[in-house]
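These notes concern the structure reproduced below.
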Amino acid sequence: MLHAYIGDGKGKTTAGIGQLIRALGAGKRVCAVFFDKSDRTHPIHEAVVLERLQVKVSVMGCDRSLPDGGFRMSLGDDDKLAARGALSLARNLIGSGDYDLILLDEIVTSLSSGALGFDDFVLVLDAVTEHLDLICTGRCSNDDWLSRFDLVSRITKVKHYFDRGFAARPGIEY
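Going letter by letter, the sequence shown gives residues 1391 to 1564 in the numbering used here.
Now the structure itself:
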């Protein structure tokens, strides 16, 4: 089954991790690939917990944190290379048959930003067998591909303290 947790609201990664933990608790074999995130500047706290639970975790993004605490929105060649590497890993994990559920966190953001091509993304989706649940999360700029998914949850921002100038906080946003 193909799951998509998309939108501009907070909670897409949290929903994906919650589903992964539920599957793990039920004895399923799970793993996670984090696209467009880096643990070079600060830890990916959800990855830290998953590793403690002995979940295979791969953090594949480039560091896009800025010295002032902001986030670099532009993409460079290194971002595209990291996204392609994460996609290659995802294909290998899907093809291995070793997992019941795979989380591809922020893969949709990588697609929407142009770091990944649509055709390559579709190849990953097409490789999923009936015995695998694949969860894809991220901000979505185009809904054309959503018909391929069995479950789509759109998480919409109604209000956020970022809009009032508050900075991201460890343990809450990252």
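Think of the CB as a built atom: it goes at the ideal place given N, C-alpha and C, for glycine as much as any other residue.
- The three-state reading of DSSP puts L1414 in helix, counting H, G and I together.
- I1545 sits in coil when the DSSP states are folded into three classes, being neither helix nor strand.
- Cβ-Cβ separation between D1488 and R1419: approximately 6 Å, consistent with a contact (criterion under 8 Å).
- With respect to the C-alpha of I1562, the residue from I1411, Q1409 and E1436 having the closest C-alpha is E1436.
- Taking all protein chains in view, the Cβ of H1393 is crowded by 16 or more other Cβ atoms within 10 Å, so the residue is classified as buried.
- Sixteen is the threshold: since fewer than 16 other Cβ atoms of the shown chains lie within 10 Å of the Cβ of A1557, the residue is exposed.
- Taking A1405 as reference, the option from V1542, H1550, F1552 and K1549 with the minimal CA-CA separation is V1542.
- Within the same chain, L1513, V1514 and A1517 come within 8 Å of R1481 by CB-CB distance, once the 5 residues on both sides are set aside.
- For K1446, there is no enclosing alpha helix (DSSP H); the residue is part of the beta strand (DSSP E) that begins and ends at K1446 to V1449.
- Each residue's CA atom was taken as its position, placing I1407 and K1427 some 15 Å apart.
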